[in-house]
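In this note's numbering, the protein residues as written are 30 to 476. I have placed the structure first, in the form of structure tokens, so that the comments after it can refer back to it.
Structure below.
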């Protein structure tokens, strides 16, 4: 059996059984290594060597968690809730609530799209924007699975289609690796080749908003995952001004330094100054501010541990050598059947990306093998781009180890009412991977 398939299946099955995703990743890595013929010692050594790959990302999330909870104590969330109540009404007109929910979902989608291209901060905006909005979602009885869909769409579709920001990096990886594998392609070809797959994602987004998750879903009004004894404050002009200044500063510094860590640090410094002011007015103690920041880090500790573990899992998958075997074993019986070849190549990409959790890391793995295989079968360069781009994107949505799912979960589960697997991974898998498979296959066949 192929070690990649076995490792990913073990990880997925354990996750679906509600085994913690960190444990599922470790178990999948061990089983995959043993299946490939590695000893338990070798597997553990390889796994350990890969843990540092995502360490900086994990620290970034911890800092952003502290910042997000700090923002919640400036009074900004209470102001947003009051504004939502004024728009919707506490009893609420059903039609007005529905319109407000749809508008809110499209605004979130737009902001997420901007985070990939126009203001390339990736998921850094989620712990800042989403936790304060949870009370608004609860007031609207908005199904958070729809929000997860909207966020994941915005984190994926823009970089697949648009050659700017993270999209420029993704397109460059596709083109560079295809050229190195012997196929002449240009950057200008990628958006045209990826248009149909992204259209599939748009259909999945609309289907989720207007059909799958259109009904109300009730949540309890809970405080964020902070210390129960830490006081909260009503909004005030100084608090709102400080919150907005801190948020803008984080975005600006993140772009200037290209570091989420230092971006969050500047925001925390501003909040500490504000908390110091509250201390002087005897409204807040410095010990309480430390407890607040620690609680915020705990809120995103989950995503940090998963990202670190995913680095080890991905390293084991690569070192088994079974990624090449997975592709090679299919090429012998495909023949010249382009329709069959396209669907098999896309499914292979799905399995690899589900395990690694990164479209960007999957492209170099599959391009070296897919390019000569596609050329031998007779696929055009445009069709090959569609195959490789879609195969890389497949699995990023729905993977328990992907930041496209971990980011939304970290924000939506700030009050402990959103499950990573059942409320983020499975909904995004169904609504994006299925359309990507269908429309990616169509693009490969017709281009």
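Glycine included, every Cβ here is placed at the ideal spot set by N, Cα and C.
Asked                                                                                                                                                                         : Found
I think residue 176 touches residue 134, with their Cβ atoms under 8 Å apart; what is that distance to the nearest whole Å?                                                   : 7 Å
From residue 206 to residue 213, what does the alpha carbon distance come to, in whole angstroms?                                                                             : 10 Å
In terms of residues, what are the limits of the alpha helix (DSSP H) holding residue 157?                                                                                    : 155-169
What's the C-alpha gap between residue 169 and residue 185?                                                                                                                   : 26 Å
If you scan the segment 397-438 from start to end, which runs of the alpha helix (DSSP H) of 4 or more residues do you find wholly inside it?                                 : 410-422
Would DSSP call residue 460 helix, strand or coil?                                                                                                                            : helix
Nearest to residue 282 by alpha carbon, out of 443, 466 and 294?                                                                                                              : 294
Give me the Cβ distance between residue 477 and residue 221, rounded to the nearest whole Å; I'm assuming they're in contact under 8 Å.                                       : This structure leaves residue 477 out entirely; the chain is present only between 30 and 476.
When we look at the beta-carbon of residue 273 and count the other beta-carbons within 10 Å, is it buried (16 or more) or exposed?                                            : exposed
Evaluate residue 431 with the Cβ neighbour count: other Cβ atoms within 10 Å of its Cβ, from every protein chain shown; 16 or more gives buried, anything less gives exposed. : buried
Assuming residue 242 and residue 172 make a contact with CB atoms under 8 Å, what is their CB distance in whole Å?                                                            : 4 Å
Output needed for residue 49: all residues of its chain with C-beta closer than 7 Å, excluding positions within five of it in sequence on either side, in chain order.        : none
Express the C-alpha separation of residue 269 and residue 62 in angstroms, rounding to a whole number.                                                                        : 52 Å
Which same chain residues, not among the five before or five after residue 462, have their C-beta less than 8 Å away from its C-beta?                                         : 379, 423, 424, 426 and 427
Kindly indicate which residue of 440, 145, 349 and 416 has the alpha-carbon position closest to the one of residue 68.                                                        : 349
If residue 225 sits next to residue 472, beta carbons under 8 Å apart, how far is it from one beta carbon to the other, in whole angstroms?                                   : 4 Å
Distance, Cα to Cα, residue 280 vs residue 322?                                                                                                                               : 19 Å
Which complete beta strand (DSSP E) runs does the segment 172-250 hold, if anything under 3 residues is left out?                                                             : none
With H, G and I counted as helix, E and B as strand and the rest as coil, what does DSSP make of residue 383?                                                                 : helix
When we look at the beta-carbon of residue 442 and count the other beta-carbons within 10 Å, is it buried (16 or more) or exposed?                                            : buried
Hey, which unbroken runs of the alpha helix (DSSP H) at 4 residues or more fall wholly within the segment 46-76?                                                              : 50-64
Can you tell me which of 182, 247, 366 and 267 puts its alpha carbon nearest to the alpha carbon of residue 405?                                                              : 366
Nearest to residue 30 by CA position, among 420, 248, 39 and 65, is which residue?                                                                                            : 65
Are the beta-carbon atoms of residue 196 and residue 190 separated by less than 8 Å?                                                                                          : yes
Within 10 angstroms of its Cβ, does residue 247 collect 16 or more other Cβ (buried), or is it exposed?                                                                       : exposed
Distance check for residue 108 and residue 257, CA to CA, integer angstroms please.                                                                                           : Note that residue 257 scores 41 on pLDDT, short of 50, meaning its location in the model is unreliable; the coordinates nonetheless yield the value given after this. Cα to Cα, residue 257 sits roughly 21 Å from residue 108.
Look at the alpha carbon of residue 271 and the alpha carbon of residue 265, and state the distance between them as a whole number of angstroms.                              : 10 Å
Using a Cβ-Cβ cutoff of less than 6 Å, which residues in the same chain neighbour residue 292 once the five nearest sequence positions on both sides are dropped?             : 279, 282 and 283
By a C-beta neighbour count over all protein chains shown, 10 Å radius and 16 as the cutoff for buried, is residue 42 buried or exposed?                                      : exposed
For residue 369, which residues of its own chain have a beta-carbon under 7 Å away from its beta-carbon, when the five flanking residues on both sides are left out?          : 363
Can you round the beta-carbon distance between residue 435 and residue 335 to whole angstroms, since I take them to be within the 8 Å contact cut?                            : 6 Å
Can you tell me the Cα-Cα spacing of residue 244 and residue 104, whole angstroms?                                                                                            : 30 Å
With a threshold of 6 Å on Cβ separation, who are the neighbours of residue 142 within its own chain once the five nearest residues in sequence on each side are excluded?    : 183 and 187
So what's residue 285 in DSSP terms, helix, strand or just coil?                                                                                                              : helix
CB-CB under 6 Å to residue 288, same chain, minus the five flanking residues each way: which ones, in chain order?                                                            : none
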